[in-house]
Every structure is written in structure tokens, then in C-alpha cells.
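Below: one structure, written as C-alpha cells.
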Amino acid sequence: YWATKGPGLIFVPAFFAKLQRVSLRIIAMDIPPQDVITRDNVSVKVNAVLYMRVRHPDRAVIEVENFIYATSQLAQTTLRSVLGEVELDQLLADREKINGILKRIVDERTEPWGIEVSAVEVKDVDLPTEMKRAMARQAESERERRAKVIAAEGEYQAAGKLAEAARVIGTQPATLQLRYLQTLVEIASENNSRSIIIPVPLDLLTPFLDAAKKVATGEKQLPAATGMPLPSTAPAASRQTT
């Protein structure tokens, strides 16, 4: 190692030195799919992408033979080890947390090589076919459960409203008559009816029904006081003829 030169025109002795160029731009590195067994014994395929840049070119050339290949291998082993310690639900739900753990570990391990890792992102999680079907059934069952809960809550609220309406009608009977008339109007408007048969309310027939019952049982109704004498029920006196 002789020196680290910046951009510009550089003189290199032809037989005594060798020039190696190092890019200081951010490099996006694809991590190939890795077979991972999670903590709850589910086999998945996971790939990721790593973003890195060279901070110290001298270290990247001297400390490691091929810093790109070394960083790629380190990222693959770190991905398998970290995902093997989490469950499948955590892998699917806590991507940000897992990405932060991967980034921190790889960045610490590559710091002596003069490499700075800015991000590690999990891209795709390929599940087995049986697991996909099981998750689909679970999601469908959860949707059905939520639909039943919503329907039950709606019925509960409707029952409360009906109970409140029954209390109002019980205290104010005229409310029932108004509702009755409103229903008749709605039926007439919907069916385009020309005539409506309105049944006689039972409360109007009650006096007539009571009178019929009394006649059937043999009771006699006394006429109301009108000032006229009642007919005598005593036997008429016999008349003598001459």
C-alpha cells in the first residue's frame, strides 16, 4: 500500500505500482433467497437487499480481499441467523424491527473493512403452499367472526330500540294508532292500491260484546229512569158480570 489518491490526474509508475479504483457511491446489493426455518418450525424462503458504501477505501482494499463478496456472504449468514430466532407472525408483522436488527449487525461487522451499511430490507417471504392455505382459512374465519360480531351488535341495539318503543306505546296508546295509520299510507303508496279496508278496532266492539254476553246468560236490562211507571206484574183482578 502506497497511498490513497482522490479524483484527478495521478501518475503511477508502470512497473512499481498498481492502481485500484474504489467507488464511493452507494451500492445496492441483492441478497439471494435463503432457506430459513423460523423459531416455530416453519420453512420459508427469504430474500433481501442491502445498501452500502465505502467510507475508507484503504481499509476496503487492505483489510479484506473482496469487500463486495465478503459483505454479501456476511449478509446472507446474518439473514439466516436472525430470522431463525423469530416466529413467522413476527416476521410478517414486524418487518421494520427485523430490518433494523439486520442493519445493525451487518454494519458492526463490516465497520473494520471501511464499509458503511445504510439499510437492509427484507423483500419477499415465500411460504409453503400448505401454509398459504392455512393462513387463507384463518383470515376467512376471522372475517366471518367479525361479521357475526357486527350482526350481533346490530341486533342488540335494535332490540333496545324496540323495547324503548314498546315502553312509549304502553304509556301513550295514541302512538300505536298513528303508527297504524302511517303503515296504511305506506302500503297504499307502494302497492298503488285504490281502496283500503280498515278493520274496526276491538275497543269499539267491546260494549256490544258485553251486552250479547249478558243476554246469552239470561240477564234482563232495566230501562233507564224516564219517569214512566213500570208495568205491574201482579195478576189482574177478576171482573164480575151481572
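Quick note on numbering: the sequence shown equals residues 4 to 245 in this note's numbering.
Idealized CB from N, CA, C, for every residue including glycine.
Residue nearest to residue i in terms of C-alpha spacing, selected from the options
{"i": "A51", "options": "A31, T7, I40", "result": "A31"}
{"i": "R56", "options": "F18, T113, R28, Q37", "result": "R28"}
{"i": "D38", "options": "Q79, A17, A155", "result": "Q79"}
{"i": "D129", "options": "V47, R148, S75", "result": "V47"}
{"i": "D127", "options": "E147, D33, Q23, T7", "result": "D33"}
{"i": "R107", "options": "A17, Y54, F19", "result": "Y54"}
{"i": "E124", "options": "V67, S75, E99", "result": "E99"}
{"i": "S26", "options": "F18, F19, A63, A17", "result": "A63"}
{"i": "L94", "options": "E114, S144, I40", "result": "I40"}
{"i": "V120", "options": "P10, E145, S75, I153", "result": "S75"}
{"i": "N69", "options": "A162, A96, R24", "result": "R24"}
Residue i (DSSP reduced to helix, strand or coil)
{"i": "E119", "result": "strand"}
{"i": "A17", "result": "coil"}
{"i": "V57", "result": "strand"}
{"i": "Q224", "result": "With a pLDDT of 48 at Q224, under the threshold of 50, the predicted position of this residue should be treated as unreliable, and no value is reported."}
{"i": "D129", "result": "strand"}
{"i": "S46", "result": "strand"}
{"i": "K151", "result": "helix"}
{"i": "F70", "result": "helix"}
{"i": "V109", "result": "helix"}
{"i": "V84", "result": "Per the sequence shown, residue 84 should be read as Ser rather than Val. S84 falls in the helix class under three-state DSSP."}
{"i": "G163", "result": "helix"}
{"i": "V64", "result": "helix"}
{"i": "E90", "result": "coil"}
{"i": "L22", "result": "coil"}
{"i": "L181", "result": "helix"}
{"i": "G97", "result": "At residue 97 the sequence reads Asp, which differs from the Gly that was named. Coil at D97, not helix or strand."}
{"i": "L9", "result": "For clarity, residue 9 is Gly in the given sequence; the question names Leu instead. Looking at G9 - three-state DSSP - the assignment turns out to be coil, as it is neither helix nor strand."}
For residue i, the residue or residues it bridges with in DSSP
{"i": "S124", "result": "It is Glu, not Ser, that sits at residue 124 in the sequence shown. V52, per the DSSP bridge assignment."}
{"i": "A31", "result": "Y54"}
{"i": "V171", "result": "For V171, which the question treats as bridged, DSSP gives no partner whatsoever."}
{"i": "V39", "result": "V47"}
Cβ separation of residue i and residue j, assumed to be a contact under 8 Å, to the nearest whole Å
{"i": "G103", "j": "R58", "result": "No, G103 and R58 are not in contact; Cβ-Cβ is about 20 Å, not under 8 Å."}
{"i": "V49", "j": "L86", "result": "6 Å"}
{"i": "L77", "j": "R42", "result": "L77 to R42, Cβ: 22 Å. No contact."}
{"i": "L91", "j": "V45", "result": "5 Å"}
{"i": "I101", "j": "V89", "result": "7 Å"}
{"i": "D61", "j": "T132", "result": "So it is not a contact: roughly 50 Å between Cβ atoms."}
{"i": "P115", "j": "E66", "result": "6 Å"}
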